[in-house]
Amino acid sequence: MSSSNKFTQDSPNTKAGIQASQALINSKNLDEIVDIPLDCFIGEDSKLDSQGYPLYPNGNTVWIKHPDVEAPLNFGKVGFSYTSRVTWSKNKRIKSTKFKCLGVLMCSNDLCDYRGPPPTGKGKIPELMAQHPTCLAPRCSEKLAHIDCEGTHTRVDVDMVTGWSKLTHSGIHGHPWPDSKKPDLLSKAKLAQVIVNNPDTAPFLLRVGRSNAGQAPIKSVNQIHPSLGHKDRLSYLRRDILVKAGLMPAKASDGGGDKLLLDMFHWNHQGLKIISSSFMDNEEHFTFQTQWMAERLMDRDEKNDVYRGGLLSDVTYKFFENGYLLTTSMYCEDLMRWIPVQLTWLRGLKVSHYKCHFVTLLKQFFKASMTKHECEILSRQVVDFSMSQKEGFVQAYMEVFGESDRARVMRLLKVCQEHFRQQVTRVKRNHKIIPPHLESDFAALAMGLLQEKEDGGKTHEEKLEYIRQKFPKVKRWLDWWQMSDVQAMVFPSRRPLPEDLPDADHGLPDTTNAQESMHRIYYMLC
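This is the structure:
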């Protein structure tokens, strides 16, 4: 690209540049671009990448891609949140992609600098705003507002025969640029260069900008793109880059010799401690925890109170080829996400296996010399719908704290309500039990069992009796959910709370969905 054909807003040829850029924007035929003395015109307030390409174009902006000149890596892409539509010319020669900017999500607090990208799915923005979302910046509870973008037009035309292409943009974005959640192509290329040159450098060291001993120091990859500060995304990209470069196998090898033992020593050296293990029958397990996890679990707030948000415990069944991964997580206010605080490989899913995990967890509270009330607050769990998991927790708690009142321990457990919802869906679709035209009625009545009794409303027993009368064929299904241990963990109105722990349910989530979402991250990283 010759410099004589390169125009910018501060160029002495601004007028000529504006005229030429407008001609290109209005042009419908790529054959015309060879007659216009313009390669690049960058509108004011456009945001450029390190190759000078307008990744965030603004105003009259044009970029021509010559067939015989290497284009910027990001050519044909935009950085803002958008929806796109592809059309073709009648002769299928010209492919045109039109981008519609979706604006930005901004905090209503003028002092907060949060700038989030709106969701791109059809109808997702109104759906999100109807929920009156709060700001995602740490320790900010103000509401988010959607700033729409009107009057801007971005188009990329590609001549599939000659190779000529052009990006054109018109209109002004009257809003701040949203922060991107993913690195662009140029940033990925820079990241790949860093990772291939430092294949043994862990994601954490890549983020903080250090290198292994004996190697030249490297800059933090956060300087390449802000989204690379997200540890899960960086870990995923690192593995993907190393696999494509042939520096890491696509799947874990079977191992051999002392590989497993050496790996375990390596984990310990890196900070992932094995805090409990057993090879005994029906107790085979390895429990892992980092110092950071242990510290978060024992953190106290400004009032010196222990964590009150409840713990999530859930099993993922496919992470290991043999065995299972049980994770207990807590919510971290500073990171604004659920974090694992204890991980256990289990060979089986018997009560004794679950008990090993929970004994290790609860002993940490016991050794910290906490009060009985604090131990109960910290021990509150939302668990998967597994009788073995429930019983394993109860036995572990009674053993560690010497508790003889089983009913009191049961009150610390809450079952994931999502499993009840799934059962309701399964039953309502069984038209031998529920007539098709009464599906929604049954679902509404059944889900009403998860609600607390309202003033003047029906009691739990009255709700059950009404369902039995209207849908007599579900009696056996209802009877199962009314077993004492089950109903006490599922239905709020059937959870009698002790007088000295009246807020046992306060802060506990209703489901283990957050932990199940973490399983997806596990699968991406393995």
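1 is the number of the first residue of the sequence shown in this note's numbering; add one for each residue after it.
In this text, a Cβ means the ideal position worked out from N, Cα and C, and glycines have one as well.
Values in this document were obtained by computation on a predicted structure and should not be read as measured data.
Residue interval of the beta strand (DSSP E) (run including residue i)
i, result
"ARG406", "No beta strand (DSSP E) holds ARG406; the alpha helix (DSSP H) holding it covers 406-410."
"THR152", "Unbroken run through THR152: none, as it is neither H nor E."
"TRP63", "61-65"
"CYS101", "94-101"
"ALA166", "According to the sequence as given, residue 166 is Lys; it is not Ala. Taken as a continuous stretch (DSSP letters only), the beta strand (DSSP E) holding LYS166 covers 165-170."
"SER84", "82-88"
"ILE147", "144-147"
"GLN289", "285-289"
"ASP281", "Here ASP281 belongs to no beta strand (DSSP E), and DSSP marks it neither H nor E."
"MET106", "104-107"
N-terminal and C-terminal residue of the alpha helix (DSSP H) that residue i is part of
i, result
"ILE42", "Here ILE42 belongs to no alpha helix (DSSP H); instead the beta strand (DSSP E) covers 40-42."
"ILE241", "231-244"
"CYS356", "351-367"
"ILE467", "460-470"
"ALA137", "Counting along the chain, ALA137 falls outside any alpha helix (DSSP H), and DSSP gives it neither H nor E."
"ASP334", "Premise fails: ASP334 is in no alpha helix (DSSP H) and is neither H nor E."
"ASP479", "475-481"
"ASP384", "ASP384 -> no alpha helix (DSSP H), and no H or E assigned at all."
"LYS190", "185-197"
"LEU128", "124-130"
Within 9 Å, strictly: CB atoms of residue i and residue j
i, j, result
"SER227", "ASP179", "yes"
"MET330", "LEU343", "no"
"LYS473", "ILE433", "yes"
"LEU361", "LEU186", "no"
"LYS77", "LEU55", "yes"
"ILE94", "ASP159", "yes"
"SER218", "LEU191", "Per the sequence shown, the amino acid found at residue 218 is Ile instead of Ser. No, Cβ-Cβ distance for ILE218 and LEU191 is not below 9 Å."
"GLN389", "VAL315", "yes"
"PHE401", "LEU449", "no"
"HIS132", "LYS124", "no"
8 Å contact criterion, which residue i and residue j should meet: CB distance rounded
i, j, result
"GLY392", "VAL351", "5 Å"
"ILE274", "PHE286", "6 Å"
"LEU346", "GLY309", "No, LEU346 and GLY309 are not in contact; Cβ-Cβ is about 25 Å, not under 8 Å."
"HIS460", "LYS453", "7 Å"
"HIS175", "CYS135", "With 8 Å as the limit, HIS175 and CYS135 do not qualify as a contact, their Cβ atoms being about 16 Å apart."
"VAL424", "ALA443", "6 Å"
"ILE195", "LEU242", "7 Å"
Residue i versus the options, residue with shortest Cα-Cα distance
i, options, result
"PRO67", "LYS166, PHE41, ILE224, CYS135", "LYS166"
"PRO117", "ALA145, SER187, THR290", "ALA145"
"SER220", "MET248, HIS230, ARG207", "ARG207"
"GLY59", "ASP157, CYS140, HIS169", "HIS169"
"LEU105", "MET248, MET129, ALA368, ARG380", "MET129"
"PHE288", "TRP267, ASP305, GLU302", "TRP267"
"PRO126", "GLN482, ILE147, GLU374", "ILE147"
"GLN51", "TRP481, ILE339, ALA189", "ALA189"
"VAL62", "ARG85, MET410, HIS153", "HIS153"
Residue i burial status per 10 Å Cβ neighbour count (16 or more: buried)
i, result
"GLU376", "buried"
"VAL382", "buried"
"ARG337", "exposed"
"TRP88", "exposed"
"MET280", "exposed"
"SER253", "The pLDDT assigned to SER253 is 48, lower than 50, so where the model puts this residue is not dependable, and the model offers no usable value."
"GLY103", "buried"
"ALA446", "buried"
"LEU38", "Only weak support is given to the placement of LEU38: the predicted model assigns it a pLDDT of 46, under 50, and the question is left unresolved by the model."
"ALA396", "buried"
"GLY209", "exposed"
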